[in-house]
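Numbering follows my numbering, with no gaps: position 130 of the sequence shown is 130. Below is one structure, written out as structure tokens; comments come after it.
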Amino acid sequence: MMGRTLGHYRIVEKIGEGSAGETDAAGSHGRSSLRKGKRTMEKVLVGYYSRTGNTAKMAKIVADALKKEGIEVDLRTVDQIKAADLLGFDGIVLGGPTYYGGPPAAIKELLDESVRHHGKLDGKIGGAFTSSANVGGGNETAVLGILQAMLIHGMIVQGDPEGDHYGPVAIQAPDARAKANCIRFAKRLASLVKRTAAG
Ligand SMILES: Cc1cc2nc3c(=O)[nH]c(=O)nc-3n(C[C@H](O)[C@H](O)[C@H](O)COP(=O)(O)O)c2cc1C
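Written as structure tokens, this is what we have:
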């Protein structure tokens, strides 16, 4: 086991499980859209957990809308995502059902694992969405629970003055209102990713 300190985060890691110096699959620590000085398509990860399929539907809508905006999208369930994978994207969107007013454990687990790369997600674009059973069932706090971790990573999160303010929320399966919010969210996120990647 080795220990190191990133800011005030003390990280204990097993030798061979990766370090702050490791590169992602793209061989880049930085923006995936800039490799060897050449601009490629901006890449966004849409990661989700869904037990009964409602959040999965939202994830698909968000992913499809991002693709329509010319973004390269990786749509994966959170169990298919390793913390190191997060380094290879310009934008990271995570969604899951609202569980007791917060994100589900599977998403929290990924966020907790991401401490291994603390400081390396700084400046990436973040976003979150959720499905809950009830209006007032804690869906906004669930979204904020994800965004909170993203902000601590130094990620950039854009609110929305007109759509769902913190990120898209659905009551059970996404209805027409929630679908429209997922698409609006994706369009805004794509625009932000492109603008920051260009800067
Ligand atoms: C363990 C557990 C906790 C839940 N907690 C809440 C809750 O706090 N508020 C709420 O509105 N719905 C809650 N739900 C309902 C789910 O958020 C809701 O059914 C959601 O649409 C499921 O999404 P999925 O189909 O993507 O799994 C809970 C469900 C489970 C299984």
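Think of the CB as a built atom: it goes at the ideal place given N, C-alpha and C, for glycine as much as any other residue.
Exposure of residue 68 is indicated by the presence of fewer than 16 other C-beta atoms within 10 angstroms of its C-beta. The beta carbon of residue 125 sits closer than 6 Å to the beta carbons of 91, 156, 192 and 193 from its chain, once the five residues preceding and following it are set aside; these are given in chain order.
DSSP, read as helix, strand or coil, puts residue 92 in strand. Residue 101 and residue 135 have their C-alpha atoms some 11 Å from each other. The shortest CA-to-CA distance from residue 86 to any of 121, 164 and 152 is the one to 121.
Minimum Cα-Cα distance from residue 62 among the listed residues 116, 130, 99 and 80 corresponds to 130.
DSSP places residue 74 in the uninterrupted beta strand (DSSP E) bounded by 72–77.
The region 163–177 makes contact with the region 52–66: 3 or more CB pairs, one atom from each, lie closer than 8 Å. C-alpha of residue 119 to C-alpha of residue 152: approximately 9 Å in a straight line.
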